[in-house]
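Colleague:
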Amino acid sequence: MEKHASRIAVNSGSHQYTVEIGHGILESAGAWLSNSHSQKDGSVSIISNKKVFDLYGATVEQSLTAAGFKTSKFLMEDGEEYKNFESFLQALEFLGEKGTRRTDAVLALGGGVVGDLAGFAASVYLRGVPFLSIPTTFLSMIDASVGGKTAVNTSFGKNTVGTFHQPKGVLIDVKTLATLDERELLAGFFEAIKHGAVGGPGILTSIEGFLSDFPVNGFSGRFNNSEFVGRLEKVVFEQVAFKAEIVSGDEKEDTSRNDAKSRKILNFGHTVGHSLEKVTNYRYFKHGEAVAYGMLAAAEISKRLDILDKNSLNLLKRVVSTARTLPDARSIEIQEIINSFSSDKKLLSEELQWVLLGGIGKPKIVSSLEIPEPIIFESLQDVLHR
Ligand SMILES: NC(=O)c1ccc[n+]([C@@H]2O[C@H](COP(=O)([O-])OP(=O)(O)OC[C@H]3O[C@@H](n4cnc5c(N)ncnc54)[C@H](O)[C@@H]3O)[C@@H](O)[C@H]2O)c1
Ligand SMILES: [Zn+2]
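When we follow the working numbering, the leftmost residue of the sequence shown carries the number 1, and every step to the right adds one.
1. What three-state label does DSSP hand T205 in the structure shown?
2. Does the separation of the CB atoms of E277 and R263 fall below 8 Å?
3. Are the CB atoms of R102 and L186 within a distance shorter than 8 Å?
4. Which residue wins for smallest C-alpha separation from G13, given the options L315, E251, S123?
5. Do F120 and A151 count as a contact pair if the criterion is CB distance below 8 Å?
6. What number of angstroms, rounded off, separates the C-alpha of M1 from the C-alpha of I8?
7. Let me know the secondary structure DSSP gives I365 once reduced to three states.
8. Pick out whichever of A241, S28, E77, K286 has its Cα sitting closest to the Cα of V60.
9. Assign A58 to one of two classes, buried (16 or more other C-beta atoms within 10 Å of its C-beta) or exposed (fewer than that).
10. Which of helix, strand or coil does DSSP assign to Q16?
11. Which residue's Cα is closest to the Cα of A5: G273, I337, K234, R386?
12. Can you give me the C-alpha to C-alpha distance between N225 and E336, rounded to a whole angstrom?
13. So the beta strand (DSSP E) F131 belongs to, where does it begin and stop?
14. Taking 7 Å as the cut-off, does the CB of H287 come closer than this to any heavy atom belonging to ligand 2?
15. Rounded to whole angstroms, what's the CA-CA distance from L305 to I375? Just pull it up for me.
16. The alpha helix (DSSP H) that contains I47, what's its start and end?
17. The alpha helix (DSSP H) with V291 in it runs from where to where?
18. Going by other Cβ atoms of all chains shown within 10 Å of its Cβ, with 16 needed for buried, is G387 buried or exposed?
19. Report yes if the C-beta of W184 is less than 7 Å from at least one heavy atom of ligand 1; otherwise report no.
20. Which runs of the beta strand (DSSP E) fall wholly inside the stretch 63–134 and span at least 3 residues, in chain order?
21. I'd like the span of the beta strand (DSSP E) that includes R7, first residue to last.
22. Return helix, strand or coil for M1, following the three-state DSSP convention.
23. Going by Cα to Cα distance, which pick from T322, P363, G112, L55 is closest to T179?
24. Flag this pair as touching only if the stretch 73–89 and the stretch 127–147 have three or more C-beta atom pairs under 8 Å; answer yes or no.
25. Once DSSP output is grouped into helix, strand and coil, what is the label at G169?
26. Is DSSP giving T160 helix, strand or coil here?
27. Helix or strand or just coil, what does DSSP make of I371?
28. Using a threshold of 7 Å, is the CB atom of E300 nearer than that to any non-hydrogen atom of ligand 1?
29. Mapping the DSSP letters down to three states, classify G273 as helix, strand or coil.
30. Taking the DSSP output, what are the residues bridged to I21?
31. Tell me, which residues are paired with L357 by DSSP?
32. Give me, in chain order, the residues of the same chain whose beta-carbon lies closer than 8 Å to that of K286; leave out the 5 immediate sequence neighbours on both sides.
Encoded structure:
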């Protein structure tokens, strides 16, 4: 299969970078890094985990070495619970021990956990060193790797400490998805559906068409099918282009903006989604699954407030169900979810803002003060206790 890559330029306030998307392009990581990073040789510290590095580390290292880079690696433990200060400090110590200089690069190879942690370490080590990333989960390809948010989780919440540090380049090889667990894949597809819901009918129906032609079930067996690969690359391209457009216009998620292009719209489905994850101790749902319920809840609320029409609500429901049945949520107390998102916001002394829908591709940011609690309660009941 031809190894050609398509490119998307992302403009951030501070600089411009390119996201390269292709199939089997991991082998050309060295050339990509030379193009993206002003230093043509020097050291590259790869931050990954054992699982991903065992699969793809050798290919990346060989390519970087052939292009003249010196590589070293730091492998963090695998899992969201390791996206914490301890791993962050270990990563910094590793960079220090290797004598990493300001012109050297940090390269993340892995999913969103690795990307968030590596980006954070790169952003503060010597007050910031060049950061590049090779995302290897569907979620990190279409969401986490674009936009420059870095973070760790703390005792006071998920992603509560971090920075904005834009990458110098992102390389997406869709072939790496062949080894990804189907439930992980699906969790990413729900975030893609979220982009469609707030981005517009074109993006939403494209995802729906892809998922109905190529269900997540049996995904890994399709990589010899050139039609499948082409369509997958196209979906990733559309998704990255949409995320890039939003983050370019609102790099740091300006708190005062409430318009339909503000970065906040990417939080569609996340108010309820985060609470669902929290009340189930982050063990029951994949993040994307919780977001799927959250999107349905926000759409139900929008419908009950008469800002969303029935057809759009049904379209969203249909696309979510094309992806897969969600884990049963009937045993979760509705009031517990409501208490959870209310108390979260009190802690941050912020007024709770919902991302609702006035139609597909028409997000509306609405203060919780404008939504009667019974509407929230009934909508949650409808979606979770069907
Ligand atoms: N920075 C952002 O803008 C942003 C946006 C969305 C999410 N996030 C963060 O991303 C994280 C979630 O990322 P994720 O969903 O990628 O999870 P993850 O990084 O935990 O990866 C999921 C699992 O898949 C494994 N894996 C990764 N690539 C693989 C491959 N190609 N083959 C086989 N296994 C592979 C990982 O080792 C892990 O076990 C969360 O911490 C979230 O907060 C950040
Ligand atoms: Zn999310």
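Glycine is no exception: its CB is placed at the ideal position from the N, C-alpha and C atoms.
Modeller: If we stick to the structure as given:
1. Looking at T205 - three-state DSSP - the assignment turns out to be helix.
2. In terms of Cβ geometry, E277 and R263 do not form a close pair [threshold 8 Å].
3. Not in contact: L186 and R102 (Cβ atoms no closer than 8 Å).
4. Comparing Cα-Cα distances from G13 to each of L315, E251, S123, the minimum goes to E251.
5. Cβ distance < 8 Å, so A151 and F120 count as in contact.
6. Residue placement at M1 cannot be trusted, given a pLDDT of 48 that sits under 50; what the coordinates show is reported in the next sentence. So the two alpha carbons sit approximately 21 Å from each other.
7. In the three-state reduction of the DSSP assignment, I365 falls in the strand class, which pools E and B.
8. Across the set A241, S28, E77, K286, the C-alpha of S28 shows the shortest separation from the C-alpha of V60.
9. That one is exposed.
10. Looking at Q16 - three-state DSSP - the assignment turns out to be strand.
11. Checking every option, the nearest Cα to that of A5 belongs to K234.
12. Taking the straight line from one Cα to the other gives about 46 Å.
13. Unbroken beta strand (DSSP E) run through F131: 131–135.
14. Answer for H287: yes, Cβ within range of ligand 2.
15. Between L305 and I375, the C-alpha separation is close to 8 Å.
16. Segment 43–49 is the beta strand (DSSP E) holding I47; no alpha helix (DSSP H) there.
17. Boundaries of the alpha helix (DSSP H) around V291: 287–304.
18. For residue 387 there is no data in the structure shown, the boundaries of the chain being 1 and 386.
19. Strictly speaking, residue 184 in this sequence is Glu, with Trp absent from that position. Checking every heavy atom of ligand 1 against the Cβ of E184, one is found closer than 7 Å.
20. Taking only runs of at least 3 residues, the beta strand (DSSP E) segments lying wholly in the stretch 63–134 are 70–76, 105–110.
21. That run of the beta strand (DSSP E) goes 6–11.
22. Confidence is the limiting factor: at M1 the pLDDT is only 48, short of 50, which leaves the residue's position unreliable and the question unanswerable from this model.
23. Nearest C-alpha to T179: L55.
24. Fewer than three Cβ pairs drawn from the stretch 73–89 and the stretch 127–147 lie within less than 8 Å of each other, which leaves the two stretches out of contact.
25. The three-state reading of DSSP puts G169 in strand, counting E and B together.
26. DSSP places T160 in strand when its eight states are reduced to three.
27. Coil at I371, not helix or strand.
28. No, the Cβ of E300 stays beyond 7 Å of every heavy atom of ligand 1.
29. DSSP places G273 in helix when its eight states are reduced to three.
30. DSSP lists S6, I172 as the beta-bridge partner residues of I21.
31. Its beta-bridge partners are P363.
32. For K286, where only same-chain residues beyond five positions count, the Cβ hits under 8 Å are R183, E184, L186, A187.
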